[in-house]
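J.: Below are the structure tokens for one structure; questions will follow.
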Amino acid sequence: MSDSKVYYPPEGLANERYISSIDTYNEWYRKSIKQPAEFWTNISSQFHWEVKPRAENALSYNFDLKKGHIFIRWFSDGKTNLCYNCLDRHVKNGLGSKVAFLWEGNDPNDRKTITYQELLTEVIAFGSTLRRMGVSKGDRVAIYMPMVIEQVIAVLACARIGAIHSVVFAGFSAESLSERLMAAGSRVLVTCDGAWRGTKLIDLMKVANEAMDICESKTRPLEHCIVLRHLTPEKRVGAPVPVSDCPGIRPVQNFSIRMRADRDVWWDEAVPPVETECPVEWMDAEDELFILYSSGSTGRPKGLLHTTGGYMVYAATTAKYVFDLHPDDVYWCTADIGWITGHSYLIYGPLLNGVTSVIFEGLPNWPDYGRYWSIVERYRVTKFYTAPTVIRMLIGAGEEHVKKYDRSSLKILGSVGEPINPSAWKWYYEVVGDSRCAIVDTFWQTETGGHMITTLPGAMPMQPGCAGRPFFGVDARIIKNEFDTGGKAGVMKDLSDDKCVEEGCLVFAAPWPGIARTIYGDHKRFEDVYFKRFPGYFMSGDGAVLDSENNFWITGRMDDMLNMSGHLLSTVEVESAMVSHPLVAEAAAVARHHKVKGECLHCFVTLKDCVPQIITPELRQELVNLVRAKIAPFAAPDYIQAAPVLPKTRSGKIIRRILRKIANGDREFGDTSTLADPSCLDYLCAEVEKTR
Numbered sequence: 001m002s003d004s005k006v007y008y009p010p011e012g013l014a015n016e017r018y019i020s021s022i023d024t025y026n027e028w029y030r031k032s033i034k035q036p037a038e039f040w041t042n043i044s045s046q047f048h049w050e051v052k053p054r055a056e057n058a059l060s061y062n063f064d065l066k067k068g069h070i071f072i073r074w075f076s077d078g079k080t081n082l083c084y085n086c087l088d089r090h091v092k093n094g095l096g097s098k099v100a101f102l103w104e105g106n107d108p109n110d111r112k113t114i115t116y117q118e119l120l121t122e123v124i125a126f127g128s129t130l131r132r133m134g135v136s137k138g139d140r141v142a143i144y145m146p147m148v149i150e151q152v153i154a155v156l157a158c159a160r161i162g163a164i165h166s167v168v169f170a171g172f173s174a175e176s177l178s179e180r181l182m183a184a185g186s187r188v189l190v191t192c193d194g195a196w197r198g199t200k201l202i203d204l205m206k207v208a209n210e211a212m213d214i215c216e217s218k219t220r221p222l223e224h225c226i227v228l229r230h231l232t233p234e235k236r237v238g239a240p241v242p243v244s245d246c247p248g249i250r251p252v253q254n255f256s257i258r259m260r261a262d263r264d265v266w267w268d269e270a271v272p273p274v275e276t277e278c279p280v281e282w283m284d285a286e287d288e289l290f291i292l293y294s295s296g297s298t299g300r301p302k303g304l305l306h307t308t309g310g311y312m313v314y315a316a317t318t319a320k321y322v323f324d325l326h327p328d329d330v331y332w333c334t335a336d337i338g339w340i341t342g343h344s345y346l347i348y349g350p351l352l353n354g355v356t357s358v359i360f361e362g363l364p365n366w367p368d369y370g371r372y373w374s375i376v377e378r379y380r381v382t383k384f385y386t387a388p389t390v391i392r393m394l395i396g397a398g399e400e401h402v403k404k405y406d407r408s409s410l411k412i413l414g415s416v417g418e419p420i421n422p423s424a425w426k427w428y429y430e431v432v433g434d435s436r437c438a439i440v441d442t443f444w445q446t447e448t449g450g451h452m453i454t455t456l457p458g459a460m461p462m463q464p465g466c467a468g469r470p471f472f473g474v475d476a477r478i479i480k481n482e483f484d485t486g487g488k489a490g491v492m493k494d495l496s497d498d499k500c501v502e503e504g505c506l507v508f509a510a511p512w513p514g515i516a517r518t519i520y521g522d523h524k525r526f527e528d529v530y531f532k533r534f535p536g537y538f539m540s541g542d543g544a545v546l547d548s549e550n551n552f553w554i555t556g557r558m559d560d561m562l563n564m565s566g567h568l569l570s571t572v573e574v575e576s577a578m579v580s581h582p583l584v585a586e587a588a589a590v591a592r593h594h595k596v597k598g599e600c601l602h603c604f605v606t607l608k609d610c611v612p613q614i615i616t617p618e619l620r621q622e623l624v625n626l627v628r629a630k631i632a633p634f635a636a637p638d639y640i641q642a643a644p645v646l647p648k649t650r651s652g653k654i655i656r657r658i659l660r661k662i663a664n665g666d667r668e669f670g671d672t673s674t675l676a677d678p679s680c681l682d683y684l685c686a687e688v689e690k691t692r
């Protein structure tokens, strides 16, 4: 709401859109809220169902713990299969020769394409391989890979045979990977030998081996590990690629891989070159599709479980209308498949809509800051979806890296992962889009499966920093509880009813098809995290404001979670990693503003009495290395300062609200009467100033 200027899509663009006016949006939205079962059953008819769902059985749910356990069911009498709808359906409709993915590796010369028919052939072969290994419906298969087409093949093969895929971001450490392997009870791990990230060679199989060793030490061994020879191009799916002439990339030498004969097998040796049979496993709409682990405020990762029918309909529908996907589009989502954005808007959403997509393995700044725009020019990308963190990084590199490439093909620019600040929004619109593209700033979460609040291109005006309006079927509200409003116990105030411009917690009053059904293996935690605080509502954990035009503005997390470069991270995870150091007695991690990342980690550390309260360069590096090893490199703190005393209540609770203010240079602490030792604040503030 800091920028009142409203931007409208250029004349003529609205004529290309599925939803071309705010009146059409309002009509569809009202029907989706008042008649959700009929609305979504009608949309579901666009897909193949082996057994079609009926409107009278389309939706049943309970969001109120006072009335019993939480449950959500969509299309419960229907049977379908995601892989069939992504591939077989299109091939049977004559789209087999259409390119499904344009892949570009870390090396700009490393490129290949794969058609819908070719992708289906590879999925059939890999699905048959999994079945020969004993994988069947309901078994969990973990995938730990870089951004390669084979990762898409593994995901779709699981969906085809009814196995539950659990993709783990390839930047996670061995400890984080093992934790997710054991939590899901994975029988099989699919990984690769290694991958390049810019000029850095990542030894993925080394991490995978360490993770599997941890699992075995805890009597949770994996049965099989399939390893792709990604560093040997001729062994990958597709034709050989040219030798690189890019700086920093050299042939891989002396790169040894530890393989266990009783468990590990190379992809090219396990998967037959020709396989014609892998029958589809027809799934009930509420059968499990995938588990995706997200950080939890308690420090334990949450395995969000998504199911087949509702997720299929929602991922496809949000992709279609938010990105206005048409058959001739070339769409590019830059997200990693290891995150929900990669699941919904790199794999499932685009394939369900039958479009051509780009998959990129490398970095936006290698070999230079023009890499993204060279790809846009080369493949004539029409719809582009990235994160504010990337946009802010590219702003710092200068406009010349953007303007040297032809971006005239672009029509829609999307933003995802965190609220985009107005200055980054304007740069994205004016520099990347030449002030002629629609911007869609999408709010959603791992838990939601798809877009929740967004602008619709051509139908809605755009405003820098504004998330927009709820998508179809999303009954969004802004609520404060009795503690926030000072009301009587048990009273909740719905700020959206009064149209008052006041921050509250963003909640949802009814289910949409893409909502996660539970936390895998811990339904009580699912109920406690999302439904306990506001009975009758799903709690997002994010703050928001509703303006007089019914637009939502997302203000950020309201719990002990951090959004770092679009990655949701638990403060508890970071604090636990630091406290594991033998010299650390206590640690508190909070978010600090960062001009590129949006937020970074600022850690206050109390050392044990046996050492001086000084963070030496050596200790700082040890603590950073601990976080990197126990979580992932992206979780490494930017700032670590000594805190001989932390601000606590008399009961011993650390007041992170005050620490966040200190880290960000805000001296308006509010009420400090509950502090056991208010004198610590001046010292902490003085130490923070030394870091500026």
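Under full-length UniProt numbering, the sequence shown has 494 at position 494, and the numbering climbs by one with no breaks.
Cβ coordinates follow ideal geometry from the N, Cα and C atoms, glycine included.
Computed from a prediction, not measured in an experiment: that's the story for all the values here.
Would you please state the rounded distance, in angstroms, between the beta carbons of T318 and G349? I believe it to be under 8 Å.
T.: As a position in the sequence shown, residue 318 is number 318, starting the count at 1. As a position in the sequence shown, residue 349 is number 349, starting the count at 1. Going by Cβ atoms, the distance from T318 to G349 rounds to 7 Å, so yes, they are a contact pair.
J.: Would you mind reading off the limits of the beta strand (DSSP E) that contains D542?
T.: Along the sequence shown, one-based indexing puts residue 542 at 542. First-last of the beta strand (DSSP E) with D542: F538 to L546.
J.: So within the UniProt domain "AMP-binding enzyme C-terminal" (573-653), which uninterrupted beta strand (DSSP E) runs reach at least 3 residues, ignoring any that extend past its ends?
T.: You should have 584-594, 598-607 and 639-642.
J.: To the nearest angstrom, report how far apart I395 and L413 are at their CA atoms.
T.: Position 395 of the sequence shown, counted from the first residue, corresponds to residue 395. Position 413 of the sequence shown, counted from the first residue, corresponds to residue 413. One C-alpha to the other measures close to 15 Å.
J.: Just tell me which of W444, V271, I515 and I359 has its CA closest to the CA of G556.
T.: Counting from 1 along the sequence shown, the entry for residue 556 is found at position 556. Among W444, V271, I515 and I359, the Cα nearest to that of G556 is on W444.
J.: At which residue ranges does the segment 333-417 contain complete alpha helix (DSSP H) runs of 4 or more residues, listed in the order of the chain?
T.: Segments of the alpha helix (DSSP H) lying fully in the segment 333-417: 349-352, 371-379, 388-397 and 400-403.
J.: Determine which residues share a DSSP beta bridge with W196 and list them.
T.: Walking along the sequence shown from the start, residue 196 turns up at place 196. In the DSSP output, where bridge partners are listed per residue, W196 has L201.
J.: Helix, strand or coil: which one does DSSP assign to A509?
T.: In the sequence shown, residue 509 corresponds to position 509, counting from 1. Coil at A509, not helix or strand.
J.: Is the separation between the beta-carbon of G198 and that of W366 shorter than 7 Å?
T.: Here residue 198 refers to the residue found at position 198 when the sequence shown is read from its first residue. Here residue 366 refers to the residue found at position 366 when the sequence shown is read from its first residue. A contact, by the Cβ cut-off of 7 Å.
J.: Could you tell me the alpha carbon to alpha carbon distance between F373 and H401, rounded to whole angstroms?
T.: Within the sequence shown, residue 373 is the residue found at index 373, counting from 1. Within the sequence shown, residue 401 is the residue found at index 401, counting from 1. One point to set straight first is that residue 373 is Trp, not Phe, in the sequence displayed. For W373 and H401, the distance between alpha carbons rounds to 8 Å.
J.: Just checking, does the segment 603-615 make contact with the segment 625-642 on the three C-beta pairs under 8 Å criterion?
T.: yes
J.: Identify the continuous beta strand (DSSP E) that holds F71 and give its terminal residues.
T.: For this step, residue 71 is matched to residue 71 along the sequence shown. Here the beta strand (DSSP E) through F71 covers F71 to W74.
J.: Expressed to the nearest angstrom, what Euclidean distance is found between the alpha-carbon atoms of V358 and F552?
T.: Within the sequence shown, residue 358 is the residue found at index 358, counting from 1. Within the sequence shown, residue 552 is the residue found at index 552, counting from 1. V358 and F552: Cα-Cα distance of roughly 31 Å.
J.: Identify, in the order they occur along the chain, each residue of the same chain with its Cβ nearer than 6 Å to the Cβ of P9, setting aside the five sequence neighbours on each side.
T.: For the purposes of this step, residue 9 is identified with residue 9 of the sequence shown, where counting begins at 1. Only A438 and G458 meet the Cβ criterion.
J.: According to DSSP, what are the bridge partners of V190?
T.: Here residue 190 refers to the residue found at position 190 of the sequence shown. Per DSSP, I143 and I226.
J.: Of the residues E104, L82 and G468, which one's Cα is nearest the Cα of L120?
T.: Counting from 1 along the sequence shown, the entry for residue 120 is found at position 120. Measuring from the Cα of L120, the nearest candidate turns out to be L82.
J.: Output the residue ranges of the alpha helix (DSSP H) runs that lie fully inside the segment 251-287 and measure 4 residues or longer, sorted by chain position.
T.: 267-270
J.: Can you tell me the Cα-Cα spacing of Y7 and S21, whole angstroms?
T.: For the purposes of this step, residue 7 is taken as residue 7 along the sequence shown, with counting starting at 1. For the purposes of this step, residue 21 is taken as residue 21 along the sequence shown, with counting starting at 1. Looking at the two C-alpha atoms, the distance is approximately 15 Å.
J.: Who are I478's beta bridge partners in DSSP?
T.: Here residue 478 refers to the residue found at position 478 when the sequence shown is read from its first residue. Beta-bridge pairing links I478 to L506.
J.: Run the CB neighbour count on R260, radius 10 Å, all protein chains shown included, and call it buried at 16 or more, exposed below.
T.: Residue 260 sits at position 260 when you count from the first residue of the sequence shown. Classification of R260: exposed, given that the 10 Å Cβ count is below 16.
J.: How do the segment 194-212 and the segment 277-286 stand: do at least 3 beta-carbon pairs fall below 8 Å, yes or no?
T.: no
J.: Alpha carbons only, please: which of I143, K79 and V148 is nearest the one belonging to T113?
T.: In the sequence shown, the residue the question calls residue 113 occupies position 113. Of the candidates I143, K79 and V148, the one whose C-alpha sits nearest the C-alpha of T113 is V148.
J.: Whose C-alpha, out of L346, C225 and R131, is nearest the C-alpha of R263?
T.: In the sequence shown, the residue the question calls residue 263 occupies position 263. With distances taken between Cα atoms, R263 lies closest to C225.
J.: For G248 and G171, what's the separation of their Cα atoms in angstroms?
T.: To locate residue 248, count along the sequence shown from 1; it is residue 248. To locate residue 171, count along the sequence shown from 1; it is residue 171. Residue placement at G248 cannot be trusted, given a pLDDT of 41 that sits under 50; what the coordinates show is reported in the next sentence. Using only the alpha carbons, I get a separation of about 21 Å.
J.: With distances taken Cα to Cα, identify the nearest neighbour of Y369 among I347, T382, M393 and Y385.
T.: Working through the sequence shown from its first residue, we reach residue 369 at position 369. Closest by alpha carbon: M393.
J.: For R131, which residues of its own chain have a beta-carbon under 8 Å away from its beta-carbon, when the five flanking residues on both sides are left out?
T.: Taking the sequence shown and counting its residues from 1, the one referred to as residue 131 is at position 131. Cβ within range, chain order: I161 and C278.
J.: Output the boundary residues of the beta strand (DSSP E) element that contains V529.
T.: Locating residue 529 in the sequence shown gives position 529, counting from the first residue. Here V529 belongs to no beta strand (DSSP E); instead the alpha helix (DSSP H) covers H523 to Y530.
J.: Which same chain residues, not among the five before or five after E689, have their C-beta less than 6 Å away from its C-beta?
T.: As a first step, residue 689 is located in the sequence shown; it is residue number 689 there, counting from the start. So the list is empty, once near-sequence residues are dropped.
J.: Work out the CA separation of E50 and V596 for me, nearest whole Å.
T.: The residue given as residue 596 occupies position 596 in the sequence shown. The residue given as residue 50 occupies position 50 in the sequence shown. Each residue's alpha carbon lies about 48 Å from the other.
J.: Considering only the alpha carbon of each residue, which of P146, A142 and G504 lies closest to R180?
T.: In the sequence shown, residue 180 corresponds to position 180, counting from 1. R180 has its Cα closest to that of A142, out of P146, A142 and G504.
J.: Would you call the segment 422-434 and the segment 383-392 in contact, with 3 or more CB pairs under 8 Å?
T.: Taking a cut-off of 8 Å for Cβ pairs, the segment 422-434 and the segment 383-392 touch, as three or more such pairs fall below it.
J.: Quick check on DSSP: helix, strand or coil for H326?
T.: Numbered from 1 along the sequence shown, position 326 holds the residue referred to as residue 326. Reduced to three states, the DSSP call for H326 is coil.
J.: Exposed or buried, S44, counting other C-beta atoms within 10 Å across all chains shown (16 or more means buried)?
T.: As a working note, residue 44 is residue 44 in the sequence shown. Buried, since its Cβ has 16 or more Cβ neighbours within 10 Å.
J.: For the segment 471-479 against the segment 500-509, are there 3 or more C-beta pairs whose distance is under 8 Å?
T.: yes
J.: Going residue by residue through the segment 53-125, where are the continuous beta strand (DSSP E) segments of at least 3 residues, counting only ones entirely within it?
T.: 59-62, 71-74, 99-104 and 111-115
J.: If you draw a straight line from the alpha carbon of L675 to that of R656, how long is it in whole angstroms?
T.: In the sequence shown, counting from the first residue as 1, residue 675 sits at position 675. In the sequence shown, counting from the first residue as 1, residue 656 sits at position 656. If I take the Cα positions, the gap works out to 12 Å.
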